[in-house]
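Chemist: Here the working numbering is used: position 170 in the sequence shown is 249, and no number is missing along the way.
Cβ coordinates follow ideal geometry from the N, Cα and C atoms, glycine included.
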Amino acid sequence: MSNWDAGATLLLGAFHGLNPAMGWLFAVAIGFQAQARRAVVGALGPIAVGHLASMAFTVLVVEELRVLSSEATIRIAGALALAAFASWRIASSHRHPRWVGMCLRRRELALWSFLMSTAHGAGLMLIPVVVGLHVNAHDHMLMPSSLGPVTAVLLVHTVAMVAVAGAIAVAVYEFLGVGVLRRGWINLDRVWAYALGAGAAATLLIA
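This is the structure we're talking about:
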């Protein structure tokens with residue numbers, strides 16, 4: 080994994096962690112229910128599992144398609160998927176997020192995280208990085224089918240997401256309270272939608 084791949088993966092993970100819809104709001108709510116910071120931190124595990132599973136599912140589909148199609152076809156298909164998803168997110172991102180019931184068991188929290196990450200296109204956003212890994216592998220005469228670098232991307236992204244989400248969750252639990260969302264909501268969904276569009280362009284530009 081090149082420095083560009085690592086940097087892009089870390090930044091995408093950190094940005095995902097900023098969004099309350101990705102899990103830190105639920106971690107805070109669970110902490111308030113249990114009246115313990117330990118509960119906030121404990122909720123991050125299931126959230127990470129669901130997020131990682133969502134990305135792995137998307138990337139696995141891309142890897143399987145590589146067996147049946149050329150790299151150029153994968154790039155075009157990935158770019159189209161990103162562009163379509165970005166358009167849908169932009170059209171719907173004006174809505175303030177509606178949170179489901181906060182009382183969730185660990186298994187339910189992991190499932191919720193999987194669904195939310197999938198709905199936000201977490202795995203789709205990694206397509207430019209994954210495609211770039213295979214381009215670099217061809218350039219260096221390496222085995223392009225190796226899943227080692229792809230696994231590293233998934234893990235690095237998830238660690239960055241959980242680190243940022245965890246830091247925000249603890250800060251909100253200890254100092255701010257969930258009322259901060261009512262006082263100053265930033266529509267990160269719209270920002271993420273435009274980032275997906277940029278990812279579509281990046282996928283097409285990879286040579």
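What residue from 136, 191 and 249 has the CA that sits closest to residue 202's CA?
Modeler: Against the sequence shown, residue 202 aligns to sequence position 123. It is 136.
Chemist: What alpha helix (DSSP H) runs, 4 residues minimum, are completely inside the segment 93-154?
Modeler: You should have 103-113 and 116-147.
Chemist: Span of the alpha helix (DSSP H) holding residue 186?
Modeler: Locating residue 186 in the sequence shown gives position 107, counting from the first residue. First-last of the alpha helix (DSSP H) with residue 186: 185-198.
Chemist: Could you compute how far the alpha carbon of residue 298 sits from the alpha carbon of residue 114?
Modeler: One cannot answer for residue 298 here, as it falls past the ends of the chain, which runs 80 to 286.
Chemist: Alpha carbon to alpha carbon, how far is residue 228 from residue 235?
Modeler: Here residue 228 refers to the residue found at position 149 of the sequence shown. Here residue 235 refers to the residue found at position 156 of the sequence shown. Near 10 Å, if we compare the C-alpha coordinates of residue 235 and residue 228.
Chemist: So, helix, strand or coil for residue 205, using DSSP?
Modeler: Along the sequence shown, one-based indexing puts residue 205 at 126. Three-state result, residue 205: coil.
Chemist: Report buried or exposed for residue 254, applying the criterion of at least 16 other Cβ atoms within 10 angstroms of its Cβ.
Modeler: As a working note, residue 254 is residue 175 in the sequence shown. When all chains shown are included, residue 254 counts as exposed.
Chemist: Report yes if the CB atom of residue 132 is closer than 8 Å to the CB atom of residue 122, and no otherwise.
Modeler: Counting from one through the sequence shown, the residue named residue 132 turns up at place 53. Counting from one through the sequence shown, the residue named residue 122 turns up at place 43. The answer is no: Cβ separation not under 8 Å.
Chemist: Alpha helix (DSSP H) containing residue 232: first to last residue?
Modeler: Within the sequence shown, residue 232 is the residue found at index 153, counting from 1. Looking at the DSSP string, the run of the alpha helix (DSSP H) that includes residue 232 is 227-250.
Chemist: Is it buried or exposed, residue 86, if we count other Cβ atoms within 10 angstroms and call 16 or more buried?
Modeler: Your numbering for residue 86 matches position 7 in the sequence shown. Per the 10 Å Cβ criterion, exposed.
Chemist: Could you tell me the distance, in whole angstroms, from the CA atom of residue 119 to the CA atom of residue 82?
Modeler: Your numbering for residue 119 matches position 40 in the sequence shown. Your numbering for residue 82 matches position 3 in the sequence shown. Cα to Cα, residue 119 sits roughly 32 Å from residue 82.
Chemist: So residue 240 and residue 130 are supposed to be a Cβ contact under 8 Å. How far apart are they, rounded?
Modeler: Sequence index remark: in the sequence shown, residue 240 carries index 161 (1-based). Sequence index remark: in the sequence shown, residue 130 carries index 51 (1-based). Residue 240 to residue 130, Cβ: 6 Å. Contact.
Chemist: Taking the straight line between their C-alpha atoms, what separation do you get for residue 94 and residue 246?
Modeler: Start at 1 with the first residue of the sequence shown, and residue 94 comes out as number 15. Start at 1 with the first residue of the sequence shown, and residue 246 comes out as number 167. Approximately 13 Å, taken between the alpha carbons.
Chemist: Between the alpha carbons of residue 197 and residue 190, how many angstroms are there, rounded?
Modeler: The sequence position of residue 197 within the sequence shown is 118, counting from 1. The sequence position of residue 190 within the sequence shown is 111, counting from 1. Straight-line Cα distance between these residues: approximately 11 Å.
Chemist: Residue 117 and residue 249: beta carbons closer than 8 Å?
Modeler: Here the question's residue 117 lines up with position 38 in the sequence shown. Here the question's residue 249 lines up with position 170 in the sequence shown. Not a contact, by the Cβ cut-off of 8 Å.
Chemist: Rounded to a whole number of angstroms, what is the C-alpha to C-alpha distance between residue 128 and residue 232?
Modeler: Here residue 128 is taken as the residue at index 49 of the sequence shown, counted from 1. Here residue 232 is taken as the residue at index 153 of the sequence shown, counted from 1. Rounded to the nearest angstrom, the two C-alpha atoms are 15 Å apart.
Chemist: For residue 218, which residues of its own chain have a beta-carbon under 8 Å away from its beta-carbon, when the five flanking residues on both sides are left out?
Modeler: Against the sequence shown, residue 218 aligns to sequence position 139. Residue confidence is low: residue 218 scores 43 on pLDDT, short of 50, so the model does not pin down where it sits. No coordinate-derived value is stated.
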